[in-house]
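> The structure is given below, and queries will be raised subsequently.
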Amino acid sequence: MEVDEENPGSTSPTEASDLGPDSQTLVSSVHATPLQPIQPIVPPVVVPPIAPIVPPIAPIPSILPPPVIRPLAPLPVRPPVLRPPILQNGEVRESDSDSDNEDSGPTRTAPGTTGEYEISEESRLVRERQEKAIQELMMKRRAKALAVPTNDMAVRTRLRKLGEPMTLFGEREMERRERLRMIMAKLDAEGQLEKLMKAHEEEEAAATAAKADVEEEIIQYPFYTEGTKTLKDARVDIARYSLVQAALRIRREQRKRDDPDEDTDAELDWALGQAANLVLDCSEIGDDRPLSGCSFSRDGEKLATCSLSGVAKLWKMPNVEKEFTLNGHTERATDVAFSPVHDHLATASADRTARLWDTRGSLLRTFEGHLDRLARISFHPSGKYLGTTSFDKTWRLWDVENGEELLLQEGHSRSVYGLDFHRDGSLAASCGLDALARVWDLRTGRSILALEGHVKPVLGISFSPNGYHLATGGEDNTCRVWDLRKRKTLYTIPAHSNLISEVKFEPQEGYFLVTASYDMTAKIWSARDFKPVKTLAGHESKVTSLDVTGDGRYIATVSHDRKIKLWSSSSKEKEQGMDVD
8 MEVDEENPGS TSPTEASDLG PDSQTLVSSV HATPLQPIQP IVPPVVVPPI APIVPPIAPI
68 PSILPPPVIR PLAPLPVRPP VLRPPILQNG EVRESDSDSD NEDSGPTRTA PGTTGEYEIS
128 EESRLVRERQ EKAIQELMMK RRAKALAVPT NDMAVRTRLR KLGEPMTLFG EREMERRERL
188 RMIMAKLDAE GQLEKLMKAH EEEEAAATAA KADVEEEIIQ YPFYTEGTKT LKDARVDIAR
248 YSLVQAALRI RREQRKRDDP DEDTDAELDW ALGQAANLVL DCSEIGDDRP LSGCSFSRDG
308 EKLATCSLSG VAKLWKMPNV EKEFTLNGHT ERATDVAFSP VHDHLATASA DRTARLWDTR
368 GSLLRTFEGH LDRLARISFH PSGKYLGTTS FDKTWRLWDV ENGEELLLQE GHSRSVYGLD
428 FHRDGSLAAS CGLDALARVW DLRTGRSILA LEGHVKPVLG ISFSPNGYHL ATGGEDNTCR
488 VWDLRKRKTL YTIPAHSNLI SEVKFEPQEG YFLVTASYDM TAKIWSARDF KPVKTLAGHE
548 SKVTSLDVTG DGRYIATVSH DRKIKLWSSS SKEKEQGMDV D
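If you count the sequence shown from 1, position 443 lands on 450 in my numbering, and the numbers rise without skipping.
Spelled out as structure tokens, the structure:
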């Protein structure tokens, strides 16, 4: 009892358990430190009011043995939990040191120890997929860096030299080239550069030999086709004719400019007024099959038409009365044209021939030489030469007198369809299914201008009498007017709702432009600003061709509805046509 009274600071286990965590920490720290002799004189330790104050331990009498202080057992240390890295979006975790690489591996020790860990099957599969993706990416990078030939024959040759099949079933050119690229990349990755370099050296040797052969051929043969003497004489004759005609045209323009009595605007307004008053004057069935072409004679007294039956017919104007039937072609007739000088007309056909006729229906000459069906036909302004276009990608110039082929002109990448000659006779313009129009100098034989702008095949082309405007129409439903002086498009007319089959300028002064279309209409456009003047509607099917008389009084259109329609002015002035120079 005396001992308990002397030690009031000792606490029971129950009381000790009521102490907070801070008290336990303090007590454990007191017991953990080695006991030293306690001086009774030392004042009590002041503890902050947060935790209860532990009174100093009173000296224990020597009667009782000193209590054995047992140290508290340390808390078990929880091993760190090692988790495999989370891979997202193809990222791969790379170790920062060599020790990480040494520790990495598919086999790990059991968790709970301080060593390695086991990788789950899912993690292993993810890692394998990532490694495979990295290999494929590196392979593609290596393949992109390789030089692969672009020519399909060179690709096939290299595949054969590498021991691979030249082509697979259903494989296209780009797929074949990509397969060669991957094969070359694989050989490079496997270190088989010797095989690759050997194949490359053989290919270079073959290319060098081919180049040497080409050089020998160039040395032996000229790079151009030498023309005949008749072609040279024709070029000289065309040059002389064009110089005279150009001088007359320039003199006429100067007279209009300097003469105060000449009022060009008034003449243009009168011509446009006549065109705006055009009405349907006559309609006649032209053939049993659809009509494909029409042309007026130089005096406007006769009209020639042709049809898909291969027959051409002559009609008397202005009542459209049939005079003669021209039989001779074995296939469908594609176009007809009157000579600007003589009373002759020419027809083109799908039987690869063109034929020259007189106005009495007699066959004068046959022009043979094209390798495919003919499209359009046109006379040179001098009347001595005839131009034909064909689906063999060429147009040809013929001598009307003897039927000799003077010029075979290439230059279009696809079929040539339309052809027209400049009023002076110095230039020719061709258009084709390659969406391109070309202007040729007949005096030198050079292509002096390539007109790019249409996005679909060009079917109609026409020079303006003013000498510097050129009109084209095609399957893109637009008519383009080109300025030859500026070498660019002057106007783009969204003319029709279907393809344009033919374009023609008024032949005397070019005061208006007429377009025919598969939308069953023909339209007249002012040459001043190329605004619409008149729409000629009346056909029941596609309008295939048209022509305008020299004085501008009549316009004829033919169509797939087998009808010829003649349009004339209904005003009292229709008998007072423009004076023909």
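Idealized CB from N, CA, C, for every residue including glycine.
For Val510, is the classification buried or exposed, using 16 other Cβ atoms within 10 angstroms of its Cβ as the cut-off for buried?
Reading the sequence shown from its first residue, position 503 is the one you call residue 510. With 16 or more other Cβ atoms within 10 Å, it is buried.
> Would Glu412 and Arg403 be called neighbours here (beta carbons separated by less than 7 Å)?
The count along the sequence shown starts at 1 and reaches residue 412 at position 405. The count along the sequence shown starts at 1 and reaches residue 403 at position 396. A contact, by the Cβ cut-off of 7 Å.
> Is the distance from the Cβ of Pro472 to the Cβ of Thr485 below 7 Å?
The count along the sequence shown starts at 1 and reaches residue 472 at position 465. The count along the sequence shown starts at 1 and reaches residue 485 at position 478. No.
> Which residues in the same chain have their Cβ closer than 6 Å to the Cβ of His419, if we skip the five residues on either side of it in sequence?
Position 412 of the sequence shown, counted from the start, is the residue given in the question as residue 419. Same-chain partners within the cutoff: Lys400, Gly439 and Asp441.
> Less than 7 Å between the beta carbons of Glu338 and Ala357, yes or no?
In the sequence shown, the residue the question calls residue 338 occupies position 331. In the sequence shown, the residue the question calls residue 357 occupies position 350. Going by C-beta atoms, Glu338 is nearer than 7 Å to Ala357.
> Alpha carbon to alpha carbon, how far is Glu330 from Gly280? Give it in angstroms, no decimals.
Your numbering for residue 280 matches position 273 in the sequence shown. Your numbering for residue 330 matches position 323 in the sequence shown. Roughly 33 Å between the two C-alpha positions.
> If you draw a straight line from the alpha carbon of Leu255 to that of Tyr475, how long is it in whole angstroms?
Along the sequence shown, read from residue 1 onward, the residue named residue 255 stands at position 248. Along the sequence shown, read from residue 1 onward, the residue named residue 475 stands at position 468. Going from the Cα of Leu255 to the Cα of Tyr475 covers about 15 Å.
> Using three-state DSSP, classify Arg296 as helix, strand or coil.
For this step, residue 296 is matched to residue 289 along the sequence shown. Note: Arg296 maps to coil in three-state DSSP.
> Helix, strand or coil: how does DSSP classify Tyr525 here?
Residue mapping note: residue 525 aligns to position 518 of the sequence shown, counting from 1. Note: Tyr525 maps to coil in three-state DSSP.
> So what's Ile571 in DSSP terms, helix, strand or just coil?
To locate residue 571, count along the sequence shown from 1; it is residue 564. In the structure shown, Ile571 sits in a strand (DSSP, three-state: E or B).
> Using 8 Å as the cut-off, can you tell me whether the region 553-563 makes contact with the region 277-295, which would need three or more C-beta pairs spanning the two stretches below that distance?
yes
> Got a sec, what are the start and stop residues for the alpha helix (DSSP H) Gln261 sits in?
Sequence index remark: in the sequence shown, residue 261 carries index 254 (1-based). Lys236 to Asp265 is the span of the alpha helix (DSSP H), which, as asked, contains Gln261.
> When DSSP builds the beta bridges, which residues end up paired with Ala212?
Counted from its first residue, the sequence shown places residue 212 at position 205. DSSP output for Ala212 lists no bridge partner at all.
> In chain order, which continuous runs of the beta strand (DSSP E) of length 3 or greater are located wholly inside the region 390-473?
Secondary structure remark: continuous beta strand (DSSP E) runs of at least 3 residues inside the region 390-473, in chain order: 392-397, 402-406, 412-416, 423-428, 434-439, 443-448, 453-459 and 465-470.
> What would DSSP say about Glu6, mapped onto helix, strand or coil?
With the chain covering 8 to 588 only, the question about residue 6 has no answer from this structure.
> Say whether the region 242-254 touches the region 378-394, bearing in mind that this needs 3 or more beta-carbon pairs closer than 8 Å, one atom from each stretch.
Here the region 242-254 lies against the region 378-394, with 3 or more beta-carbon pairs under 8 Å apart.
> What residue range does the beta strand (DSSP E) around Val327 cover?
For the purposes of this step, residue 327 is taken as the residue at position 320 of the sequence shown. For Val327, no beta strand (DSSP E) run applies, since DSSP gives it neither H nor E.
> Taking only the alpha-carbon atoms, compute the straight-line gap between Asn326 and Ser433 and give it to the nearest angstrom.
Stepping through the sequence shown from its first residue, residue 326 is reached at position 319. Stepping through the sequence shown from its first residue, residue 433 is reached at position 426. Using only the alpha carbons, I get a separation of about 37 Å.
> In whole angstroms, what separates the C-alpha of Thr451 from that of Gly234?
Position 444 of the sequence shown, counted from the start, is the residue given in the question as residue 451. Position 227 of the sequence shown, counted from the start, is the residue given in the question as residue 234. So the alpha carbons of these two residues sit roughly 11 Å apart.
> If the criterion is Cβ atoms closer than 7 Å, does the pair Val550 and Ala529 meet it?
In the sequence shown, the residue the question calls residue 550 occupies position 543. In the sequence shown, the residue the question calls residue 529 occupies position 522. Closer than 7 Å, so yes.
> My output table needs one value for Ala502: the three-state DSSP class, helix, strand or coil.
The sequence position of residue 502 within the sequence shown is 495, counting from 1. Note: Ala502 maps to coil in three-state DSSP.
> In whole angstroms, what separates the C-alpha of Ile257 from that of Asp270?
Stepping through the sequence shown from its first residue, residue 257 is reached at position 250. Stepping through the sequence shown from its first residue, residue 270 is reached at position 263. Straight-line Cα distance between these residues: approximately 17 Å.
> Quick check: Ser508 and Leu466, are their CB atoms within less than 7 Å of each other?
Within the sequence shown, numbered from 1, the residue matching residue 508 stands at position 501. Within the sequence shown, numbered from 1, the residue matching residue 466 stands at position 459. With respect to Leu466, Ser508 sits close: the two C-beta atoms are nearer than 7 Å.
> Just mark Ile455 as buried or exposed, buried being the case when its beta carbon has 16 or more other beta carbons within 10 Å.
The residue given as residue 455 occupies position 448 in the sequence shown. So Ile455 counts as exposed.
> Within this structure, are the beta carbons of Leu298 and Ser314 separated by less than 7 Å?
On the sequence shown, residue 298 is found 291 positions in, with the first residue counted as 1. On the sequence shown, residue 314 is found 307 positions in, with the first residue counted as 1. It is a contact, given that the beta carbons lie within the stated cut-off.
> Taking the CB atoms as reference points, tell me whether Phe470 and Asp431 lie closer together than 7 Å.
To locate residue 470, count along the sequence shown from 1; it is residue 463. To locate residue 431, count along the sequence shown from 1; it is residue 424. Going by C-beta atoms, Phe470 is not nearer than 7 Å to Asp431.
> What would DSSP say about Asp490, mapped onto helix, strand or coil?
Along the sequence shown, read from residue 1 onward, the residue named residue 490 stands at position 483. DSSP places Asp490 in strand when its eight states are reduced to three.
> Over the uninterrupted alpha helix (DSSP H) stretch that includes Ser164, give me the two end residues.
As a working mapping, residue 164 is identified with position 157 in the sequence shown. Correcting the residue identity first, residue 164 is Thr in this sequence and not Ser. It spans Asp159 to Lys168 - the alpha helix (DSSP H) in which Thr164 sits, taken as one unbroken run.
> Quick check on Arg383: does DSSP put it in helix, strand or coil?
Looking up residue 383 in the sequence shown gives position 376. Assigned with DSSP and collapsed to three states, Arg383 falls in strand.
> In whole angstroms, what separates the C-alpha of Gln590 from that of Ala150?
With the chain running from 8 to 588 in the structure shown, residue 590 is simply not present.
> Using alpha carbons as the reference points, say which of Glu208, Ser304, Ala353 and Asp379 lies closest to Ser397.
Here residue 397 refers to the residue found at position 390 of the sequence shown. Out of Glu208, Ser304, Ala353 and Asp379, Asp379 has the C-alpha closest to the C-alpha of Ser397.
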